[in-house]
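Chains as they are written, first to last, in our numbering: chain X, 8 to 492; chain L, 8 to 492; chain Y, 862 to 1314; chain G, 862 to 1314.
Cβ atoms here follow ideal geometry from the backbone N, Cα and C, with glycine treated the same way.
To keep things clear, I will list the structure first and then write my remarks on it.
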Ligand SMILES: Cc1ncc(COP(=O)(O)O)c(C=O)c1O
Ligand SMILES: Cc1ncc(COP(=O)(O)O)c(C=O)c1O
């Protein structure tokens, strides 16, 4: 039932609005609304009950294992939430003057420094609001760099076929055309194919390493020099940074610019679709172009660097300083991990992934890259099951929900048919992994013995399988009171 | 699965304890524990997931209608929780000196004043931790009063048969013997029976008015003078105060002492069994005996009244000042209601109860007191169903759970056979009441058509009907690692 | 190990299962030349207790000055229920609801959000959020240029009365796609965009006109005339609005003859704390016919196998994960939790509550301006009606005055000289419904004191 | 209407259904003579926003001084998860779990609580909470007197080293049932109860002996000797303990030859904020054979119709709602939510974490005492080992010193002169794991300054 369906004319949560009706006489009638907006008219308790119940209809990290590849759904420490929501922090206006901002800015400054260290980059700007905005900022800096050198011929960005969809989309938003580079049979970028297309029109390449194929690209140095020699720059999509913290740093791989998904590697919550944060780090040559604002420190005083301080900056990406509250959560998380804890992230997430991969292969599942080490994630392909039994990846995914596990990422990367991209993260216990492995094995057996059972899943959720085609064809995007839902 | 069953030797939530192991050398070995206590060894995420999931196995006000008679399960405003948990309030030590306590004490002082006003009593002490402790304090004051007058002959407390079990239990804890007074056929106290037993041995009477029979005792004035004339005092159990706020005040009814359940009338949460708060209010003659501490005000400064200030006090009921955080919640709630809002509480809770009673009677249910007005609650008796269909009140109650409603109070008061004591409270909407009424009607029909269905309920909850007899016979009160649950 | 549940035994057995001698061996595909050493520049780990001490100290250091700044971020009361509910693990730690059957909570909330935003703006539909108000405006400009098939020019008219930071963000984002933003001047007396200035563009190929309401100065624009001009000139009308103001102001869907085509804005006033500027959320609503040009996630109502109502992400073919380089935007992770909070906020306020909030803000700002106006040299700069912000002229440098007020724990408004030097010593003040009479009196007294020193 | 959902139409229709002309008619059974007027002394209603302003101002007024007071309430770190989980509506707004099938969440939590408390105290079983430590001790005394069938005397030995407020509360509660509390003196050098003083009671009819560990002065008692004395003299041994101390101290279940019979105490150190003294919770554990004398709720594990494990309130025949005047106690509503928080707290800390907390408190207090001891005239009063509190002698009136420290925003301990005038100018100090080196240095400097002025 929708909150609207509990609405009754004249009902309201009266404690939540001013008790006196204010005086609107300063606003002439012509500007005024003629009819009240149709918002639900409900009591405070109805609201609390409705949204409490709705929340219970979600899977979430706090209730389920969520092995969603390339999404790094790890535990979100509750302390980060509490401490980022201290009353004074919540009350701080973005335009508060420096004397009321030193505490807050200290956190941001230190986070910048930490990100420099873990990525091996020269400088960091925290302002991008998510990974995709980080990508936009990164590509925009590449463009600014070429433009500053008067190099107008570079119109192309190279993107491996395994890349996330945001990569090509971001490149296009920066005015580039995108050329796709195939992956080789071992999952690494096909360097020969790359060699053929790289050239004076190449502005840069957007690499994800470890890639979303769940492997570390072993020829990264070769790729880097190939692109650099052609005058292009290297963009590093840091969405999978969790896999390599403290083991290898993008800066050391020769990357010129990188974004970090704090809502992945730094454990800020996903919130059902954000907010996240996608800070960018750059090598020396891109430093002048970093987006504003940033925090600078001198003599123990913090201050904002804005357009005036950074005349070559690509500019501003949001009205204020990005998703500040998310940055605080990441900062608090990093403080609790420290250097050693950060290194353990890569170690245990990789341990978990390789353990699962091995056990699932032993159980008869097909790995997309059976000869490769898993990074913090790996790919199974259910091609065989789909062909032989008519039970496809989506069916497996939906049936997993019945077993109390969130489904892995499905049908991505696009190049592996019927794929499941599985990322356990370091915060899951071995028992949880074993439970998931057993569930997959049972479903495999179900698929063999009773494929219709799997194809009809899920059964134990608030709704059965939903009709996506109907959703798109008979668009129903807003509630109307005369609709008989 | 218990948290213990997720325990693994050596696992822990490492961010939650000091990182360095402190030095215990100041404590000689003889005092030291030889073996660590067997607490669960789990990660932070396991803990969060476990208790999040467990919470989802509860009914609660935030998820369900909870028409639990005499318990006043109304909406607990979320603002009360947030504001009572402001960091400085949580951090205040109970022994903090006066200069760090004025804000806190102002709240308590004002709450005392508000309670005086709504109850019509002369003075209030907030310290009892729950209703039963308020009763203890009240009866102890009665005793102190008689003792101060050298009247040692009064050894008996009168308690109507409809009274809550805490009343006789509290009287006994104060060293009194208890004599039960029957209720008349109309639900009012049987005044003739009372007249027979009241006398020089009567220390007092404990009255609940409106009583737990869901009616207002119309002869309250008569009862009061009867007891007063015999030299006894009148205790008023304020658990049902919600029904009469702003309509009639216990002080005006001639009561000498009253407790108020803040976790009922003042909407502080029940928390799965407390904490509550049971402030006591008294008439002038009992004022010297009030339990300490209390808050006094002079010239805008607040200070504690303790044993030294109140030499005749019955003393102290808890180490500090009672359930302070609950008192703050009640204060905040009272501030949001104000005088008018307080009066509406009685009006709308009574409206809801009478509406339900009428509609259920129309639907063929038997009211225990069909000729009476309901107060904020009322009683149905399922005697007929139990006899004719073999479906008893407990069956109805369990089946209601399947319909998504918490069961009303069952089998209490003890004198009405197969009873359901139903209290909707003022915060429930008419649609919710209608839904409950429909559910009861469907169950009645089920009971007629398919009694086994009802007797096997519930079906839609985490467990089916539980075996209480086994629980008491094969006592299993703590988890042991060698148990194979 | 913080947040890692592995026991030594687990590690041993897992490595044995894998057949690896130690954890480090799992990294053997990384070229040795690249392997870094320890992360030595990172501080030592702190316990939650230690970080709690650190964060409390920092929060305490910044204080909680009384705030009379608005300028795009507003200090509204947020019902306690909003974040107690939105912080529930099931909302807070859920992913984007790709697995619809396991995400009905979030999906239904977002469907309700879309419904409420459409109702508030008077538009046909809404997406489920963009990063913030500024990026929402940038996306609106891109969308308008894409959608306006009648225009070839990629020229968009942008009033100077639009929030300066928004204009900068739009420039950063749309500039790379060859879109030209043409600035419209404001009327120096009214502080609004005089529709007459548009005459200069009559008959030109303009893709869209941006229309703020209220504008950055708090001033109400002639939205009907501006919208109609746009439509007469085959330009799309993009509204950028304050959602709380819409509780009392004519909604964009009803501007002029046909209503605005796209409506966007900053959602912060609907339940997001000030929080140093974020996370907030951008909203975007549009007319039905533009739906396939919409950026961001959209939730649709559908049915399950049993015919039961359910919710799912829809029209995903607009998005980057399907359409890649041809997507309507690169946005992926958005501000879902903020939209969740806003939904709860709007449910609690309702339209009457929101109207009371809006009215109280308006009345408070008037009352503040009236108080401050009694001080010699302090006066409103513009004569037109405002919503809940106003520009005041000061007799001396705004900068210094605001610094002194800040030292007295009061944020007295925003210095406009950075972005509008032509206004002289001017500040932008705002008094939301949270500001009390004593706070306003205090402002008046402090300002008086500073100005007479 | 705050918190009331009725529309005018609802009221009209409901009254019509009832057949009443107006709401007031529903009160027609109340004698007219009793009807009161309006509640005029109550203040006007405030909105949540207004109360928020009021409460913030009051909280701000009281400040957050650095706290070196213990004395029964301890400033421990509470993991953020504890109250984020315990405040979830499903725990926070549930009733006592009478309907077991609809309360498995709370019931299982409480079963886990019982298990943890039994493990910590080394006792066989636990109830699910009493009001606080003081009332738990009172209930323990009542229980011991009931349970000790060998004793007729109703005399209970109560050391003066037990928390003074506890002793007062016990007196208030048990005094009415004719129980006599006999005070035991403490050793002036050691600050403990010298087992030798018990010789005076050898052979007398004593129902029970109370044994605090650590005692009010922070001092460790000779619990083995005391317990054995009790058992030799057919008295029950009642332990009253600090649960955090039990992470490192020998648990009552193992005291002496047979262990204590009843163990109770204040649960606050397990996850309850200081919060001006409450809500906290009392805990009580006992040996198996005493279970039917236990006051308060107890949860048992059982099976459902399908044989599945489930939890339910059990042994309810001990309780007032069944047994009425013959119940083991009058307690009904207890402190369930605090027990829930404590369960989560203990799960997060585990025994190793709790041991680290205990050790850090011990070490900090030693370190504090060592610092303060460098000041002339300041020295520990007792020579015996302590857990995490210590009595210090001051050279001048404790009262004045503490007042001055308080003005400097530091709570320097508790003045003992109120309850122990014989100790002269003495204070009780405590430094939990939350106190930092700089805070302890600061205390030292401030005290030095005050004492040298
Ligand atoms: C590999 C990769 N790159 C980029 C992104 C985009 O990040 P965001 O969703 O924060 O915009 C994602 C997000 O899923 C990703 O997995
Ligand atoms: C009528 C009545 N009196 C007294 C009490 C006891 O109150 P408490 O549970 O707060 O001790 C109750 C509680 O249910 C009650 O309903």
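query = For residue 977/G and chain L, any beta-carbon pair shorter than 7 Å?
reply = Residue 977/G sits at position 116 when you count from the first residue of the fourth chain. For residue 977/G, the answer is yes, since a Cβ of chain L falls inside 7 Å of its Cβ.
key: Inter-residue spacing [alpha-carbon to alpha-carbon] between residue 491/L and residue 983/G   = Numbered from its first residue, the second chain carries residue 491/L at position 484. Numbered from its first residue, the fourth chain carries residue 983/G at position 122. Its pLDDT being 46, under 50, residue 491/L is placed unreliably by the model, and nothing is read from it.
ask   = Just the Cα atoms here: how many angstroms apart are residue 1277/Y and residue 1260/Y?
value = The residue you call residue 1277/Y lines up with position 416 of the third chain. The residue you call residue 1260/Y lines up with position 399 of the third chain. Using only the alpha carbons, I get a separation of about 9 Å.
inquiry  = According to DSSP, simplified to helix, strand and coil, what is residue 979/Y?
reply    = As a first step, residue 979/Y is located in the third chain; it is residue number 118 there, counting from the start. Three-state DSSP puts residue 979/Y in a helix.
message = On a Cα-Cα basis, can you pick out the residue from 14/X, 212/X, 37/X and 131/X that is closest to residue 236/X?
response = Sequence index remark: in the first chain, residue 236/X carries index 229 (1-based). The option with the nearest alpha carbon to residue 236/X is 212/X.
inquiry  = Beta-carbon within less than 6 Å of residue 336/X's beta-carbon, same chain only, minus the 5 sequence neighbours each way: which residues are those?
reply    = In the first chain, residue 336/X corresponds to position 329, counting from 1. Shown here for residue 336/X: same chain residues with a beta carbon closer than 6 Å to its own, the five before and five after excluded, namely 87, 91 and 275 in chain order.
ask   = Going by other Cβ atoms of all chains shown within 10 Å of its Cβ, with 16 needed for buried, is residue 291/L buried or exposed?
value = In the second chain, residue 291/L corresponds to position 284, counting from 1. Exposed, because fewer than 16 other Cβ atoms sit within 10 Å of the Cβ of residue 291/L.
query = What residues of chain G sit near residue 23/X, judged by a beta carbon separation below 9 Å?
reply = Reading the first chain from its first residue, position 16 is the one you call residue 23/X. Neighbours of residue 23/X on chain G, chain order: 863, 908, 909 and 910.
key: Own chain partners of residue 1179/Y with C-beta closer than 7 Å, once the 5 adjacent residues on each side are dropped   = Counting from one through the third chain, the residue named residue 1179/Y turns up at place 318. Cβ within range, chain order: 1153, 1155, 1188 and 1189.
Every unbroken beta strand (DSSP E) inside the segment 1103-1159 of chain Y [3 residues or more] = If one requires a minimum length of 3 residues, the beta strand (DSSP E) runs lying completely within the segment 1103-1159 of chain Y are 1123-1127 and 1143-1147, in chain order.
inquiry  = On a Cα-Cα basis, can you pick out the residue from 1196/Y, 1072/Y, 1308/Y and 1131/Y that is closest to residue 958/Y?
reply    = Here the question's residue 958/Y lines up with position 97 in the third chain. It is 1196/Y whose Cα lies nearest to the Cα of residue 958/Y.
request  = Look up residue 176/X in the DSSP assignment and say whether it is helix, strand or coil.
outcome  = Within the first chain, the letter at position 169 stands for residue 176/X. Look at residue 176/X here: in three-state DSSP terms it is helix.
Nearest-angstrom beta carbon gap, residue 1069/G and residue 1005/G [assumed within contact, 8 Å] = Within the fourth chain, residue 1005/G is the residue found at index 144, counting from 1. Within the fourth chain, residue 1069/G is the residue found at index 208, counting from 1. Contact holds; Cβ gap of about 4 Å.
ask   = How would the residue list near ligand 1 read, in chain order, if you kept each one whose beta-carbon is closer than 6 Å to any heavy atom?
value = Around ligand 1, the residues whose beta-carbon falls short of 6 Å from at least one of its heavy atoms are 77/X, 78/X, 137/X, 138/X, 139/X, 171/X, 173/X, 215/X, 219/X, 244/X, 246/X, 268/X, 283/X, 285/X, 1193/Y and 1194/Y, given in chain order.
ask   = Any contact of the segment 1126-1136 of chain G with the segment 436-455 of chain L, i.e. 3+ C-beta pairs under 8 Å?
value = Per the Cβ contact rule, the segment 1126-1136 of chain G is not in contact with the segment 436-455 of chain L (fewer than 3 Cβ pairs under 8 Å).
ask   = Can you find at least 3 beta carbon pairs, one from the segment 931-948 of chain Y and one from the segment 960-970 of chain G, that sit closer than 8 Å?
value = No, the segment 931-948 of chain Y does not touch the segment 960-970 of chain G.
task = Quick one: list the residues of chain X neighbouring residue 70/L, beta-carbon separation under 8 Å, in chain order.
result = Counting from 1 along the second chain, the entry for residue 70/L is found at position 63. Contact annotation for residue 70/L against chain X: 56, 59, 60 and 63 [CB-CB distance below 8 Å, chain order].
message = Strictly by DSSP, which residues pair up with residue 385/X?
response = In the first chain, residue 385/X corresponds to position 378, counting from 1. For residue 385/X, which the question treats as bridged, DSSP gives the partners 429/X.
ask   = Would you say residue 79/L faces chain X, with C-beta separation under 7 Å as the test?
value = Looking up residue 79/L in the second chain gives position 72. No, its Cβ sits nowhere closer than 7 Å to a Cβ of chain X.
query = Should residue 1221/G go down as buried or exposed, given a rule of 16 or more other Cβ atoms within 10 Å for buried?
reply = Locating residue 1221/G in the fourth chain gives position 360, counting from the first residue. With at least 16 other beta carbons inside 10 angstroms of its own, residue 1221/G counts as buried.
query = Straight-line CA distance for residue 425/L to residue 370/L?
reply = In the second chain, counting from the first residue as 1, residue 425/L sits at position 418. In the second chain, counting from the first residue as 1, residue 370/L sits at position 363. Taking the straight line from one Cα to the other gives about 18 Å.
request  = Using three-state DSSP, classify residue 966/G as helix, strand or coil.
outcome  = In the fourth chain, counting from the first residue as 1, residue 966/G sits at position 105. It is helical.
query = Can you tell which of 1081/G, 894/G and 1026/G has the C-alpha that lies nearest to the C-alpha of residue 39/L?
reply = In the second chain, the residue the question calls residue 39/L occupies position 32. A check of alpha carbon separations from residue 39/L across 1081/G, 894/G and 1026/G identifies 1081/G as the nearest.
inquiry  = Please report the straight-line C-alpha distance between residue 185/L and residue 151/L, rounded to a whole angstrom.
reply    = The count along the second chain starts at 1 and reaches residue 185/L at position 178. The count along the second chain starts at 1 and reaches residue 151/L at position 144. Cα to Cα, the separation comes out at about 17 Å.
ask   = Apart from the five residues just before and just after residue 263/X, which ones in its own chain have a Cβ nearer than 6 Å to its Cβ?
value = Taking the first residue of the first chain as position 1, residue 263/X is located at position 256. Contacts found: 240, 241, 290 and 293.
query = If the cut is a Cβ gap below 9 Å, which residues of chain L does residue 945/Y touch?
reply = Sequence index remark: in the third chain, residue 945/Y carries index 84 (1-based). Neighbours of residue 945/Y on chain L, chain order: 85, 88 and 89.
ask   = With C-beta atoms as the reference, is residue 46/X less than 7 Å away from residue 1132/Y?
value = Here the question's residue 46/X lines up with position 39 in the first chain. Here the question's residue 1132/Y lines up with position 271 in the third chain. No; because the gap between Cβ atoms is not below 7 Å, this pair is not in contact.
message = Taking the beta carbon of residue 973/Y as the centre, do at least 16 other beta carbons fall within 10 Å, making it buried, or is it exposed?
response = The sequence position of residue 973/Y within the third chain is 112, counting from 1. Answer is buried; the Cβ neighbour count reaches 16.
key: Per DSSP, cross-strand counterpart(s) of residue 264/L   = Your numbering for residue 264/L matches position 257 in the second chain. When beta bridges are read from the DSSP output, residue 264/L appears opposite 242/L and 289/L.
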